[in-house]
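**Student:** 1 is the number of the first residue of the sequence shown in the UniProt record's numbering; add one for each residue after it.
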Amino acid sequence: MTRRAAPLSAGLAVPFALLAVWLSGGVQIGAGNHAGLLPVVRRLLDPGYLPGDFGIELRLYHHRVFAHLLAWAVEVFGETGGFVVLTLLGMLLLMLALWRLARAGGLGAAGYALLAALLATATAFVGRGMEINDFLGNGPIMPPTFSHAAVLMSLTALLERRPVAALAWTGVVGLLHLQVAAVWLCVLLPLLLAGSPRPNARQWLGGLALLLLCAAPALLDLWRLARGGLVGGSGNALADIAFRMPHHFELRGARHALWPLAYGVLLAVLWRRLRRQQDALAAVYATLFTVCALLGALALLHFADYHLLRWGRIAQLQFIRLSPLLSVLGGLGLVFVLQRWFTARWPARREALLWALCLAVLLPKVFAEWREYRFAHVGVVRFAESSAEWIAVCDWVREHTLAAERFLTPPGHAAFVALAERSNVAEIKVNPDGGRGMPEWQQRLRALSGGEPLPDRHDFGANAVALDAAYQRLSAAQLRALAQRYQARYAILLPSMPAPGTVIYDAGGYRVLDFAASSSP
């Protein structure tokens, strides 16, 4: 029998959480979806913040529970401190949940350390998925980090035959990310229904009641979104996907399918071998293999709809959203195989060999990070995806214009509102929840593009560049008409754009245009 990790070994989660934050780019503020989240958090803390801002209204109910959690942290610790606390907390909870799963899967302390190292460094594809999202959360702290931790806790409860806890943890998943919860529920319910022993009526009622209770705030927000047009107004589903989020629907490459497939085969072989040996852990790995098989079946359904049927309605459910779990479970199986092999060949050296492998995984990644970035990702990194020139013009706008003013900005540029704390007309990154506000958002982007059709390049970055190029072709008359239509006093101009007004800032390839100054005596 394999001796499982002692409770005190849970302390290993702390250094691996810190390591994962560092290797993920540090404590990030303003990158990715923070472009839409930051202004919402500021509005939650100050109801008078940027009244009438279109982007805030679009994102007001997007992961609202998480936005409230972040707002609370910001209120207590300040904006920077709030992000630090939530980033560290999210990664720590994820690593602790991984420890619980590793323990249920028969790993010792050194085995858990190796699995955590694989996840923190993405070695052997552990933590990667079929689409852009990774299991750790892609850097900037967002709900997936917390929801993935809750998925691991739900799975662990399932392995330990605690169905009520498994359903309750699913409610926690839903509290933070309803989409992830829906996918996980599609996996969990068949496993509970086919389980041995099956949950009795009392367990079903208790578990489902806890699930609904835990997820109630998020479900209430979903109802409010539905009343606001969540499922309407999006038009052609495939065209919408191709424009604003193809990275969430398309397979990132062949290896993003082959690695999960290989891990599924590994778990199947491991389960059959343990069953032949009448090992007590055979049931555990049978469940893990079944989880992978169900996630794989959901992925096939997603890609069949997206690539073959070309309907898009099934794909919009994003069944591949939880695909990174496949590689995490595969990593668990891989470490378990190594642990058993070392136990059989060199029992006295097993722990040392596992720790040596852990170091072999960590050192190349740590060295590469150190060689390229030194201390740049140790601590807080603000607006990592924005250029220094864009940050500079936004800082200038914040310091030299009134908060009530509205701007025309390049629609492919992200985070203007978060950086400058001024309203703009629209941008591609701050997009609607489902169909809520979709027609108006698309209309605004087309207006900023001079009436040109929205680009359809199946690449978010390429679409953003195309929008900026169309904006750059606007004539002086079109700029004036846009300013009048959206009551914008200022515009951020790209190189070679006409200036039908007074340029009050010119640096780094950006100019700030004041329309009102052109009409003053």
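Using N, Cα and C, we set each Cβ at its ideal position, and we do this for glycine too.
1) Near TRP169, what residues of its chain come up, given a Cβ to Cβ distance below 7 Å and the 5 sequence neighbours on each side ignored?
2) Less than 8 Å between the beta carbons of GLY171 and LEU205, yes or no?
3) Are VAL84 and VAL27 touching if we call contact CB-CB under 8 Å?
4) Using a Cβ-Cβ cut-off of 7 Å (strictly less than) and excluding sequence neighbours within five positions of ILE56, which residues of its own chain qualify?
5) If you reduce the DSSP assignment to three classes, tell me which class GLN278 lands in.
6) Going by DSSP, name the residue or residues bridged to GLN28.
7) Check this for me: beta carbons of ALA113 and LEU12, under 8 Å apart or not?
8) Would you kindly work out how many angstroms separate the C-alpha atoms of SER9 and ARG103, rounded to a whole number?
9) List the DSSP bridge partners of ASP514.
10) What are the complete alpha helix (DSSP H) segments, minimum 4 residues, inside the segment 118–171?
11) Does the Cβ of PHE135 have 16 or more other Cβ atoms within 10 Å, making it buried, or fewer, making it exposed?
12) Kindly list the residues whose CB is nearer than 8 Å to the CB of CYS186, restricted to its own chain and excluding five residues on each side of it in sequence; keep chain order.
13) Kindly indicate which three-state DSSP category ASN424 falls into: helix, strand or coil?
14) Per DSSP, what kind of secondary structure is ARG224 in: helix, strand or coil?
15) For LEU300 and MET130, what's the separation of their Cα atoms in angstroms?
16) Taking a contact to mean a Cβ-Cβ separation below 8 Å, would you say GLN203 touches PRO246 in this structure?
17) Have a look at LEU251, ALA420 and LEU281 and flag the residue whose alpha-carbon is nearest the alpha-carbon of ALA404.
18) Does the structure place the segment 299–315 close enough to the segment 84–95 that three or more beta carbon pairs sit under 8 Å?
19) Straight-line CA distance for THR472 to GLN442?
20) By Cβ distance, which residues of its chain are closer than 6 Å to ALA117, with the 5 residues on each side in sequence left out?
21) Can you give the Cα-Cα distance for LEU353 and PRO140, rounded to whole angstroms?
22) Counting along the chain, where does the beta strand (DSSP E) carrying LEU408 start and finish?
23) Run through the segment 238–315 for me and flag every whole alpha helix (DSSP H) of 4 or more residues, listed as ranges in chain order.
24) Do you know whose CA, among HIS148, GLY207 and LEU219, lies nearest LEU175's CA?
25) So the candidates are ALA470, ASP459, LEU334 and ALA491; which of them puts its Cα closest to the Cα of THR123?
26) Would you list the one or two residues that DSSP bridges to ALA507?
27) Between ARG272, ASP395, TYR306 and PHE146, which has its C-alpha nearest VAL337's C-alpha?
28) Please classify residue 546: is it buried, with 16 or more other beta-carbons within 10 angstroms of its beta-carbon, or exposed?
29) Following the continuous alpha helix (DSSP H) through ARG103, name the residue where it begins and the one where it ends.
30) For GLY206, does the three-state DSSP call read helix, strand or coil?
31) Is the Cβ-Cβ distance between PRO324 and GLY296 less than 8 Å?
32) Nearest-angstrom Cα distance between ARG480 and ALA488?
33) Pull up the distance between the alpha-carbon of VAL378 and that of PHE146, whole angstroms please.
34) Measure the Cβ-Cβ separation of GLU385 and ALA414 and say whether it is below 8 Å.
35) With a cut-off of 8 Å, do at least 3 Cβ pairs link the segment 449–468 to the segment 504–518?
36) Taking VAL349 as the reference, which of ALA110, GLN484 and ALA237 has the closest Cα?
**Tutor:** In terms of the structure at hand:
1) Working through the sequence shown from its first residue, we reach residue 169 at position 169. A distance below 7 Å between beta-carbons, with the five flanking residues on each side excluded, links TRP169 to the following residues of its chain, in chain order: ALA150, MET153, SER154 and ALA157.
2) Residue 171 sits at position 171 when you count from the first residue of the sequence shown. Residue 205 sits at position 205 when you count from the first residue of the sequence shown. Not in contact: GLY171 and LEU205 (Cβ atoms no closer than 8 Å).
3) Residue mapping note: residue 84 aligns to position 84 of the sequence shown, counting from 1. Residue mapping note: residue 27 aligns to position 27 of the sequence shown, counting from 1. In this structure, VAL84 places its C-beta atom within 8 Å of the C-beta atom of VAL27.
4) Position 56 of the sequence shown holds residue 56. The answer, listed in chain order, is PRO39, VAL40, ARG43 and LEU50.
5) Looking up residue 278 in the sequence shown gives position 278. Taken through DSSP and simplified to helix, strand or coil, GLN278 comes out as coil.
6) Sequence index remark: in the sequence shown, residue 28 carries index 28 (1-based). In the DSSP output, where bridge partners are listed per residue, GLN28 has VAL381.
7) On the sequence shown, residue 113 is found 113 positions in, with the first residue counted as 1. On the sequence shown, residue 12 is found 12 positions in, with the first residue counted as 1. Annotated as proximal: ALA113 and LEU12, with beta-carbon spacing under 8 Å.
8) The count along the sequence shown starts at 1 and reaches residue 9 at position 9. The count along the sequence shown starts at 1 and reaches residue 103 at position 103. One C-alpha to the other measures close to 10 Å.
9) Sequence index remark: in the sequence shown, residue 514 carries index 514 (1-based). When DSSP reads this structure, ASP514 sits in a beta bridge with TYR490 and THR502.
10) Segments of the alpha helix (DSSP H) lying fully in the segment 118–171: 143–159.
11) Locating residue 135 in the sequence shown gives position 135, counting from the first residue. Classification of PHE135: buried, given that the 10 Å Cβ count is 16 or more.
12) Against the sequence shown, residue 186 aligns to sequence position 186. So the qualifying residues of the chain are LEU294, LEU298 and PHE319.
13) As a working note, residue 424 is residue 424 in the sequence shown. Three-state result, ASN424: strand.
14) One-based indexing of the sequence shown puts residue 224 at position 224. Three-state DSSP puts ARG224 in a helix.
15) Here the question's residue 300 lines up with position 300 in the sequence shown. Here the question's residue 130 lines up with position 130 in the sequence shown. Looking at the two C-alpha atoms, the distance is approximately 11 Å.
16) Within the sequence shown, the letter at position 203 stands for residue 203. Within the sequence shown, the letter at position 246 stands for residue 246. No, the Cβ-Cβ distance between GLN203 and PRO246 is not below 8 Å.
17) As a working mapping, residue 404 is identified with position 404 in the sequence shown. Between ALA404 and the set LEU251, ALA420 and LEU281, the nearest pair of CA atoms involves ALA420.
18) They do not touch, by the three-pair rule.
19) Counted from its first residue, the sequence shown places residue 472 at position 472. Counted from its first residue, the sequence shown places residue 442 at position 442. According to the sequence displayed, residue 472 carries Gln and not Thr. The alpha-carbon atoms of GLN472 and GLN442 are separated by roughly 18 Å.
20) In the sequence shown, the residue the question calls residue 117 occupies position 117. Cβ contact annotation for ALA117 (same chain, cutoff 6 Å, sequence separation greater than five): CYS358, VAL361 and LEU362, in chain order.
21) Taking the first residue of the sequence shown as position 1, residue 353 is located at position 353. Taking the first residue of the sequence shown as position 1, residue 140 is located at position 140. The alpha-carbon of LEU353 is positioned some 34 Å away from that of PRO140.
22) Residue 408 sits at position 408 when you count from the first residue of the sequence shown. Element bounds for LEU408: 406–408.
23) Here the runs fully enclosed are 255–276 and 282–303.
24) One-based indexing of the sequence shown puts residue 175 at position 175. Taking only the C-alpha atoms, the option nearest LEU175 is LEU219.
25) Against the sequence shown, residue 123 aligns to sequence position 123. Taking each of ALA470, ASP459, LEU334 and ALA491 in turn and checking the Cα distance to THR123, the smallest one comes out for LEU334.
26) Looking up residue 507 in the sequence shown gives position 507. Paired residue(s): TYR510.
27) Within the sequence shown, the letter at position 337 stands for residue 337. Scanning ARG272, ASP395, TYR306 and PHE146 for the CA closest to the CA of VAL337 turns up ARG272.
28) Here the chain covers residues 1 to 521 and nothing more, so residue 546 does not appear.
29) Here residue 103 refers to the residue found at position 103 when the sequence shown is read from its first residue. Run containing ARG103: 64–104, per the alpha helix (DSSP H) assignment.
30) Here the question's residue 206 lines up with position 206 in the sequence shown. For GLY206, the secondary structure class from DSSP, reduced to helix, strand or coil, is helix.
31) Taking the sequence shown and counting its residues from 1, one reaches residue 324 at position 324. Taking the sequence shown and counting its residues from 1, one reaches residue 296 at position 296. For the pair PRO324 and GLY296, the CB atoms are not nearer than the 8 Å cut-off.
32) Walking along the sequence shown from the start, residue 480 turns up at place 480. Walking along the sequence shown from the start, residue 488 turns up at place 488. If you take the alpha carbons of ARG480 and ALA488, they lie about 9 Å apart.
33) One-based indexing of the sequence shown puts residue 378 at position 378. One-based indexing of the sequence shown puts residue 146 at position 146. Distance between the alpha carbons of VAL378 and PHE146 is about 22 Å.
34) In the sequence shown, the residue the question calls residue 385 occupies position 385. In the sequence shown, the residue the question calls residue 414 occupies position 414. In this structure, ALA414 lies closer than 8 Å to GLU385 by Cβ.
35) With a cut-off of 8 Å, the segment 504–518 and the segment 449–468 do not count as touching, because too few Cβ pairs lie within range.
36) What you label residue 349 is simply residue 349 of the sequence shown in a count that begins at 1. Going by the sequence as given, residue 349 is Arg instead of Val. When each option's Cα is compared against that of ARG349, the closest is ALA110.
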